[in-house]
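Numbering (this note's numbering), first residue to last: 22 to 277.
Glycine is no exception: its CB is placed at the ideal position from the N, C-alpha and C atoms.
On a predicted model such as this, the values are computed, not experimentally measured, just so you know.
Here the structure comes first, spelled out in structure tokens, and everything after it is commentary.
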């Protein structure tokens, strides 16, 4: 297990009350960057702790963090391998810190492994705060506390979506492959069953960094609908909600 330096723990520990919004763990071997980020976040009402190495992933949920900021080049272990481990064991949103010269490789690989966003040099704490708040809005998340948010996934109409391993099983037990965008869309629908979602909400969930059109999101929904077809399921779970967007018409139960 890795441990924070004693200096970081003393300087960055949050107060006894839960942060009203972001509660952030910043993991980087760059001490100046840790202090700059955590100081800025705390000055804007956020909880923030800086560590020079990744703790056990169980700490992320137990300590109520709802955002992990991870440097992809910590000295002790490759950052992308750390991201892989985090994503297998927790659903905490992750923002990667990428460095000059490796941006494209690290960003693409990180997003494929399940990162939610990334920061490039020059590293600005104002941008980190803005991106962190946007992620919480996009996910509809309050601070993460044990058992208050479904961690493993959902069952719906005989289907099963597992968030940690990003897999979807149909009612016969067969794995159905989803693209990253399709997974994000289905995830959002399952978080809000029988609640109409606008095209803008769906666009933000599937491609937060891209400028896409209503026609593009309609195409993504059509492809997702086709993948959710099964002889043991209703003919159409994702329905068009006129004047708004789309709605998932299904009973949804969380997996814990």
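* Simplified DSSP assignment, three categories, for residue 199 -> As a position in the chain shown, residue 199 is number 178, starting the count at 1. Coil at residue 199, not helix or strand.
* Quick one, are the C-beta atoms of residue 69 and residue 78 less than 8 Å apart? -> Sequence index remark: in the chain shown, residue 69 carries index 48 (1-based). Sequence index remark: in the chain shown, residue 78 carries index 57 (1-based). Cβ atoms of residue 69 and residue 78: not closer than 8 Å.
* **Contact belief for residue 118 with residue 88 at Cβ below 8 Å, rounded distance in angstroms** => Working through the chain shown from its first residue, we reach residue 118 at position 97. Working through the chain shown from its first residue, we reach residue 88 at position 67. With 8 Å as the limit, residue 118 and residue 88 do not qualify as a contact, their Cβ atoms being about 13 Å apart.
* Does the beta carbon of residue 108 fall short of 7 Å from some heavy atom of the ligand FMN? -> As far as ligands go, the structure on display features none, and thus does not contain the ligand FMN.
* Can you give me the start and stop residues for the alpha helix (DSSP H) that residue 227 sits inside? => What you label residue 227 is simply residue 206 of the chain shown in a count that begins at 1. Run containing residue 227: 220 to 227, per the alpha helix (DSSP H) assignment.
* Assigned secondary structure, residue 134 (DSSP; H/G/I helix, E/B strand, else coil) -> On the chain shown, position 113 is the one that residue 134 refers to. Residue 134: coil per DSSP, three-state reduction.
* Collapsed DSSP secondary structure at residue 72 in the structure displayed -> Position 51 of the chain shown holds residue 72. Residue 72 falls in the strand class under three-state DSSP.
* **Range of the contiguous beta strand (DSSP E) that encloses residue 78** => Here residue 78 corresponds to residue number 57 of the chain shown, with the count starting at 1. Residue 78 -> no beta strand (DSSP E), and no H or E assigned at all.
* To do: Check each candidate in 185, 199, 207, 268 and name the one with the smallest Cα separation from residue 113.
  => On the chain shown, residue 113 is found 92 positions in, with the first residue counted as 1. It is 185 whose Cα lies nearest to the Cα of residue 113.
* **Collapsed DSSP secondary structure at residue 278 in the structure displayed** => Examination of residue 278 is not possible in this model, given that the chain is present from 22 through 277 alone.
* To do: Starting from residue 187, follow the beta strand (DSSP E) in both directions and report where the run begins and ends.
  => The residue you call residue 187 lines up with position 166 of the chain shown. Careful: residue 187 lies outside any beta strand (DSSP E) and carries neither H nor E.
* To do: For residue 259, name the three-state secondary structure that DSSP assigns.
  => As a working note, residue 259 is residue 238 in the chain shown. Of the three classes helix, strand and coil, the one that applies to residue 259 here is strand, per DSSP.
* For residue 165, three-class secondary structure by DSSP -> Walking along the chain shown from the start, residue 165 turns up at place 144. Confidence at residue 165 is low in this model, with a pLDDT of 40, below 50, so the placement of that residue should be treated as unreliable; the coordinate-derived value is given next. In the structure shown, residue 165 sits in coil (DSSP, three-state: anything other than H, G, I, E or B).
* To do: Classify residue 54 as helix, strand or coil using the three-state DSSP reduction.
  => To locate residue 54, count along the chain shown from 1; it is residue 33. It is helical.
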